[in-house]
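Counting in my numbering, the sequence shown runs from 75 upward without gaps.
Even glycine gets a Cβ: it sits at the ideal position worked out from N, Cα and C.
The next block holds one structure in the form of structure tokens; read it before the comments.
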Amino acid sequence: MPMQAISTFERVTRLNVTIHDFSGSLRPFLAPEYFQHGQPLCRAVKASPSAENCHNLEIHRLRWEILHQPDGRIHLCHAGLVEWVVPGLQDGKLIWILFAGQRTASPHLTKHQRDTSRAPRISPWTPETKMPPPVEDDEATLILESLRQLAARLQIWLAEARKYFSEPRSQELAFPRDSDQTQELLATRRLEIRRFIHNHHTEPFNMTELANRLCLSESRLRHAVKEIYGVTLTELVLEARIRTAVSLLSHSSLSVREVGMQSGFQDYSNFHRSFQKRMNMTPYKFRKQVEKSC
């Protein structure tokens, strides 16, 4: 559903969606490109001397400002690009920010908030740069409302997903009475394994509890995971922990050591080694790379 909702918004508005997912709640369900500003115009600005302005806005000022703008805003950045921004809030805490962009500003665009950063002294655009069409108030307001609807839909889905991932479904996990139920059983086991890892990968992992939920012995559980996913249970848990670490390194101010602990690694050296093996760089280098790209 998240993928369908986002792609529908993109087709209707002809804008690209980017998500800063501070909670990591959407990362397991969406392609990685949704979590970085990869549009050509953004890359051009961030490759210019004004890149620091982008970083300060996205990583620092915007996170504070958008908390006081729950309905979102139409934003004109220091480089002259119009972007739509809507926060995702849970219990007053910012869990994500949705961005949609970009367009250029029409002279008739008045309902927007201008970035206070100084405009670039040297234009980041080359003569070959294809600029997006200008937008006026009516269309800008319609796009903002559409982005609010997308945010609301994601919030509803996330609440349902959390409920689904938190409720045991042991009654569905009995062995099939006949061969016709085999595929349904495998699908149910797949979901239960994924649900349990989603909920518990940041804690010391309790294989016994998962085996009991699946009505399996621990030995049979290991075989079942290998049959269903093609990898071991340890690898699945490690993958979930690395995903969480990537999200925290990208969108939090926690120290690298704190990121490791909050991602489920009990030992910092193990976190460092596992992250470097999976991501081909250390956690510290990954964070520096993210900061440069912002």
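Determine the burial state of residue i: buried for a count of at least 16 other Cβ atoms within 10 Å of its Cβ, exposed for fewer.
i: L141; result: exposed
i: L216; result: exposed
i: S99; result: buried
i: R243; result: Note that R243 scores 45 on pLDDT, short of 50, meaning its location in the model is unreliable; the coordinates nonetheless yield the value given after this. By the neighbour-count rule (16 or more Cβ atoms within 10 Å), R243 is not buried but exposed.
i: P114; result: exposed
i: W158; result: buried
i: W170; result: buried
i: A153; result: buried
i: V119; result: buried
i: D95; result: buried
i: G338; result: buried
i: E246; result: Note that E246 scores a pLDDT of 41, beneath 50, so its modelled location is shaky and nothing firm can be said.
i: I93; result: buried
i: V160; result: buried
Just grab the DSSP bridge partners of residue i for me.
i: L168; result: L163
i: R147; result: V159
i: V91; result: A174
i: R188; result: L150
i: P76; result: Note: P76 sits in no beta bridge, so no partner.
i: V209; result: A179
Please report the straight-line C-alpha distance between residue i and residue j, rounded to a whole angstrom.
i: A443; j: G162; result: An answer regarding residue 443 cannot be provided, because it is not within the stretch 75 to 368 covered by the chain.
i: E107; j: F349; result: 20 Å
i: L290; j: V299; result: 11 Å
i: S324; j: L284; result: 30 Å
i: A225; j: A121; result: 30 Å
i: L265; j: Y303; result: 11 Å
i: N127; j: L295; result: 51 Å
i: P250; j: R287; result: Because the pLDDT at P250 is just 44, under 50, the model does not fix this residue reliably, and the point stays unresolved.
i: L155; j: E332; result: 36 Å
i: I230; j: A79; result: 12 Å
i: T82; j: E219; result: 14 Å
i: K362; j: L259; result: 44 Å
i: G166; j: H129; result: 24 Å
i: S343; j: M335; result: 11 Å
So what's residue i in DSSP terms, helix, strand or just coil?
i: R195; result: coil
i: Q336; result: helix
i: C116; result: helix
i: T262; result: helix
i: K300; result: helix
i: V320; result: helix
i: Q123; result: Note that residue 123 is Pro in the sequence shown, not Gln. Three-state result, P123: coil.
i: F349; result: helix
i: N344; result: helix
Closer than 8 Å, CB to CB, is residue i near chain D or not?
i: V305; result: Absence of chain D from the displayed structure is noted, only one protein chain being present.
Exercise. Take every Cβ of the segment 195-210, pair it with every Cβ of the segment 127-136, and state whether three or more of those distances are shorter than 8 Å.
Key: Under the three-pair Cβ rule at 8 Å, the segment 195-210 does not count as touching the segment 127-136.
Practice problem: Could you say if the segment 141-155 and the segment 180-195 meet the contact criterion of at least three C-beta pairs nearer than 8 Å? | Solution: Contact between the segment 141-155 and the segment 180-195 is present, because at least three Cβ pairs lie under 8 Å.
Quiz prompt | Stretch pair the segment 86-95 + the segment 162-177: three plus CB contacts closer than 8 Å | solution = Yes, the segment 86-95 is in contact with the segment 162-177.
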